[in-house]
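Chains as they are written, first to last, in my numbering: chain C, 1 to 292; chain Z, 1 to 292; chain V, 1 to 292; chain L, 1 to 292.
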């Protein structure tokens, strides 16, 4: 099957994505990427309505929108309206975007359109953990005056990012402790050879850390916990959790604890890889569309 | 809380388990381990009814029973009847065993007794994957005339054993391919750096393997698939999947493909570690009992 | 034996070194570190002549001197003259510094003083490879738009830095090729599981790289080789080799190949760890002095 | 250049070697392998004198001889005399064998023949460390009732086998301590993340081990040291060092310490891989012969 992709709006990732789809042999039409230095000259640019009406799969950016009305588009000279996507979508065509909220999904559903959120798909979350973890390493190497090798690191949370990051840190020679809550997670942590600590007793267990990487989107590092940590040693905290994050940054600042909020690392650290991850996930959505 | 454990029947693992519980400071009473060379002389041995009636937690072996009536007990001079457990259990006492079937669970439930199956707990499955994978390594090193280093290995299935085994093989220098079905599994396989193949096309993908480790309890390696594999190269197949296993051993034998069924490796390869894993899981069951 | 150390001049590393020696329980006197924000207030500061005359071991910075007359000292308000070290050294006292040239060694020898170059010691070179490699990782993550994971990396040279860096890259998921010359090196490269290429045919072997890390202090990447690399793909070159380095930067610039010269990474990336490495090496020198 | 190899005597390794050389496209003639079940039927068998007189490279087994007169040959129906090699060798032809002693080298030299000892070449020693280490793993898994994962292992010596084995053990999840003597070795041990202990104080450092792997050919584990180890815990000792080995086995036996002497593992554990290693080393010898 010859597939035509419309790649709409967004930042560098969308331009890389268009290039990758083209290189894979697909027809690709773009809207709202005119000003991108990355977009290949071989990708056709059209108006949003023309792009969408020609496409079998419309790929919206990550995130799709800030205001619920227009599509985010750093490299566009014109505004791109979501309504133009809904109005011009062909019957049977697919549409996907990242970080879709309920309002947007409902609006689409009212028009009989099912929007796919590629960011919520498991395989994308897993692969996105890689650039996130590399970005965290880069920050940690840059912002400390010691090596990761032989440093004492706490990884708070053992989900996807926690798993990928803990392994990288250990492979680089750090002494890694992981905090978790579930018995099964503790079994995996033991299997992997890390030290383990109950999430509830991070600051009470007598251990000292040089760097704390938080991956849990819940304020585990509140003023009280930060105070206990501070009493033991100086520490760098890198918060990788999505909002609300896991650190009381206000309190940390007052106490003089160096804390860094590091969000959306894949798009910042490795936009080309981030685009390849979106592409692979889009392919899976298309494949599932075919299968059923 | 002072806890008294009754450790009943089973093989070497139960004897190691009794020793470990004693070393951890608990009161331990044994039944049906009289003939074990491993059991510490400091563990008290009593009749089954006495053991059970004194216990806060009764630990039955893995598996508990073969006939549904008596408890498996390699090292016992007398028969141990399950009925004696049910009849003597104190109110509030816990009872756990491995590989409990519905009939047994129902029989217990009729008497108002909840039996805990430690083998079904996630944390036990995870930790048991370690001795299983080490046992598989041992077989593979022993049964081949080449090194695992630089060998081409297929790990069929990416569950707990697949994950642990694939990592060990790669760390030892093998070229590892993993077969799976789910997109998320493929993402994890890519993250870990293995080659990936669809479970459906193991024999069609043109790859050759020196060793195949199967972990999927489903006959993936039927006569047809074995024939295709045979056409390419000689191979050793090690089947780690629980019954019915994953290999048509009859067909493999006729074709001259060396195939090894390797079941219950933890108890065979590392009974002491297997006992420690049961102990840790038992502690979790006790802890949950306390928590409510 | 109670040992008194004089720590003289240098940059942050010397201040960290003084703090570390103090924490280890030794007497420490400093000169030329007055302006350092890192130096502990518990370290005694004295004039150079007083420091040296009280010391069992005088530790000069890395490098010791630029002009052969004064000691490099970023944090000093006054000039520190090498002559003051030679003139005030006690009989039997040791003196060590980093990157000593023949002139300096000869000058010392004329006065009957044996200077120890800690930078030339094998154990220091090995440990210094760690912050060097971490610094290289940091640059590579920061300066590319893709992840190290799945990237194609060439490590040119398999000495200390090559060994440490290749392992880190592979552990992070890169496809690592190492270039070398000796049969034994190729055996180690195969053992470690990297791809190998003859140093002579880096650009002829048909392979493409996303990042090249050079560790060989010899211009392997001349205009001719760079041209061949450029014909294949875009690449980032990070040159870690000490002078003269391994890259014709002029040619690279003209061709539009992004090339980064990264020297003295330990002191820049991880001065605290760099100081700990110097300390451990100094301890070994003192130990050998005792042993005879 | 078309090269003709004569593969003479030996065990399975020589048969595998002949097959490998044939598969690589060379002419191969064999002597003294008639009874091998492994030898390909496509390899020409001739008398020793005919084989040698037709060959550009004569490959003798490992070891070459036991009595200094005949060539070791498990699979031969006739005796193979070394004199027949010397008498029939063509001018310019090469001859290589494993574990050549001075007498043999001298005898050859008298006739103007330079014999190459492939076993003494660095690249062969490095690669042979892999099957040696895998064999040691196999023994350790088989002979213990616990997993290597979480076990406490001492690797005595940090040469080639020590390096390869320590890495394998750690990758499998063991707690690895390495003993060494040189500062540079300690730096590498620290870089790799193992615990370190001075070779002199293996038994005095208060540490307990579940398994000790010795790689140093010197009696480090004498009665005195064994006694100290025994006082702490039960232990399995696997001695991988060539004669005289590193363990007083008589004393160990009397004390009830389980000790295993494991020699010549590559030929036993992985004869096919061992043959490939010899082949690669032979190729290097031929290449050096060409280069001059």
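Positions of the beta carbon are idealized from the N, C-alpha and C atoms, including for glycine.
Asked                                                                                                                                        : Found
For residue 219 of chain C, the three-state DSSP class (helix, strand or coil)                                                               : coil
Which of helix, strand or coil DSSP assigns to residue 214 of chain C                                                                        : strand
8 Å contact criterion, which residue 107 of chain V and residue 285 of chain V should meet: CB distance rounded                              : That pair is no contact at about 20 Å.
Alpha-carbon spacing of residue 90 of chain C relative to residue 112 of chain C, whole angstroms                                            : 12 Å
Residues, ordered as in the chain, of the stretch 270 to 287 of chain V that lie near chain L by beta-carbon distance below 7 Å              : 284
Cross-chain neighbours of residue 138 of chain V in chain C, by beta carbon under 7 Å                                                        : 138, 141 and 142
Own chain partners of residue 13 of chain Z with C-beta closer than 6 Å, once the 5 adjacent residues on each side are dropped               : 267, 271, 274 and 275
According to DSSP, residues forming a beta bridge with residue 195 of chain L                                                                : L:177
Closest residue to residue 11 of chain L among L:24, L:63 and L:55 (Cα-Cα distance)                                                          : L:63
Residue 263 of chain C versus residue 70 of chain Z - alpha carbon distance                                                                  : 59 Å
Pair within 8 Å by beta-carbon distance, residue 72 of chain V and residue 98 of chain V                                                     : no
Reduced DSSP category for residue 57 of chain C - H, G, I as helix; E, B as strand; rest coil                                                : strand
Interface flag, residue 305 of chain C vs chain Z, CB-CB below 8 Å                                                                           : For chain C, the structure presents residues 1 to 292; residue 305 of chain C sits outside this window and is missing.
Limits of the unbroken alpha helix (DSSP H) element including residue 16 of chain C                                                          : 12 to 23
Local conformation of residue 99 of chain L per DSSP, three classes                                                                          : coil
C-alpha gap between residue 219 of chain C and residue 237 of chain V, whole angstroms                                                       : 41 Å
Distance CB(residue 223 of chain Z)-CB(residue 248 of chain Z) smaller than 8 Å                                                              : yes
Cβ pair count under 8 Å reaching 3, the stretch 119 to 134 of chain V against the stretch 159 to 173 of chain V                              : yes
Residue-chain proximity (residue 246 of chain C, chain L), Cβ-Cβ < 8 Å                                                                       : no
Simplified DSSP state of residue 258 of chain V, which is helix, strand or coil                                                              : strand
Chain-order list of residues whose beta-carbon lies under 7 Å from that of residue 205 of chain V (same chain, five-residue window excluded) : 197
Pairwise C-alpha distance: residue 176 of chain V and residue 20 of chain L                                                                  : 28 Å
Secondary structure, alpha helix (DSSP H): runs of 4+ residues fully inside the stretch 95 to 168 of chain L                                 : 102 to 110 and 122 to 143
Beta strand (DSSP E) segment containing residue 277 of chain L, residue limits                                                               : Careful: residue 277 of chain L lies outside any beta strand (DSSP E), inside the alpha helix (DSSP H) at 271 to 291.
Closer than 8 Å at the beta carbon, the chain Z residues around residue 94 of chain C                                                        : Simply none; closest approach about 16 Å.
First and last residue of the uninterrupted beta strand (DSSP E) at residue 6 of chain Z                                                     : 4 to 8
Cross-chain neighbours of residue 173 of chain C in chain L, by beta carbon under 7 Å                                                        : 193
Residues bridged to residue 236 of chain Z (per DSSP)                                                                                        : Z:211 and Z:258
Length of the line joining the Cα atoms of residue 187 of chain L and residue 77 of chain V                                                  : 36 Å
Span of the beta strand (DSSP E) around residue 247 of chain V                                                                               : Taken as a continuous stretch (DSSP letters only), residue 247 of chain V belongs to no beta strand (DSSP E), as it is neither H nor E.
Alpha-carbon spacing of residue 139 of chain Z relative to residue 259 of chain L, whole angstroms                                           : 22 Å
Bounding residues of the alpha helix (DSSP H) (the contiguous stretch that carries residue 85 of chain Z)                                    : 82 to 88
8 Å Cβ cutoff, residue 301 of chain Z in contact with chain C                                                                                : Residue numbering for chain Z in the displayed model covers 1 to 292; residue 301 of chain Z lies beyond these limits and cannot be assessed.
Check: residue 138 of chain V C-beta below 7 Å from any heavy atom of the ligand MG                                                          : This structure lacks the ligand MG; in fact it carries no ligand of any kind.
CB contact check: residue 184 of chain Z to chain C, cutoff 8 Å                                                                              : yes
Exposed unless 16 or more other CB atoms sit within 10 angstroms - verdict on residue 170 of chain V                                         : buried
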